[in-house]
Amino acid sequence: MKNRAKANLPAAILMLCLLMIWQGAAMGVDAAYILPSPVQVVQKLWELRLPLFTAHLPATMEVVGVGLVISIVLGLGLAILMDVSPVAEKALYPIVIASQTIPTTALAPLFVLWFGYTMWSKVLVAVLMTFFPITITVFDGFRSVKTEMIELMQTFGASKSQIFLKLKLPAVLPYFFSAIKMAVPLSIIGAAIGEWLGAQSGLGYFSRRMMTQLDGAGVFAPILLLSVAAMILVAIVAVIEKRVITWRGE
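Numbering (my numbering), first residue to last: 1063 to 1312.
Here it is as structure tokens:
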């Protein structure tokens, strides 16, 4: 427990310094509608806790959860397909790269136009932002498996399924969890962007509504909640990773 506290001490000190700088800058500007102080943001978060925690946070987390599931299935499927088939790799890899050159803020209004203010318009934005790191990172994990190891297993008469389950799958797990830890914040950002541009609920929608009222603290309060949610989810993934990949320390 003491070792963990010591390990987290630099991050805590840095965070405290950043908060002090933010507080000083807010006091210097002295205009809460432009730059509210951390204290004002926390106070506003407490004042708005009922609508934020009972309505808008669950709506955003639902989008994040569905988007992550779709991204994981799509990303893993594409990575496995590109690993199995060189033809598929040559055909799909440029398309996967090109999908990330499309401005998300330009597509989000189109998704709203196609699907209305339903959950799916926000889910598509989240998927568009998250499936790419999962696909590329997992595919790189497959390519990291040494050819010599594959040839050795083939020498012992291992089938393709055995090579995949016994060699490639364990080798790709660290890459998979790294991809998930990257995808979680991106999924939350995607959900917030979708809600900001067109929604009737969610933390992004609530932040935009507060902006129209020139409530600076009200704009930052949902953003703070999104950041905390992202850190909690990434921490949960890290715990699961530690439980699953027991051989990494060895």
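Idealized CB from N, CA, C, for every residue including glycine.
| query | result |
| --- | --- |
| Thinking C-alpha only, which one of M1181, Q1216, A1160 is nearest F1193? | A1160 |
| Would I1132 and V1189 be called neighbours here (beta carbons separated by less than 7 Å)? | yes |
| Judging by CA-CA distance, which residue of H1118, A1153, V1187 is the nearest neighbour of L1169? | V1187 |
| DSSP state of A1093, grouped into three classes? | coil |
| Less than 7 Å between the C-beta atoms of I1250 and A1292, yes or no? | yes |
| With a CB to CB cut of under 7 Å and the five nearest residues on each side skipped, what residues in its chain are close to I1134? | I1196 |
| Could you say which of F1173, L1172, L1140, D1145 lies nearest to I1157 if we only look at CA atoms? | L1140 |
| Using beta-carbon positions only, say whether A1088 and L1097 come within less than 7 Å of one another. | yes |
| Under the rule that 16 or more other beta-carbon atoms within 10 Å means buried, what is D1145, buried or exposed? | buried |
| Just verifying my parser: in three-state terms, what is the DSSP assignment at Q1224? | helix |
| With DSSP run on the structure shown, which of helix, strand or coil describes Y1179? | coil |
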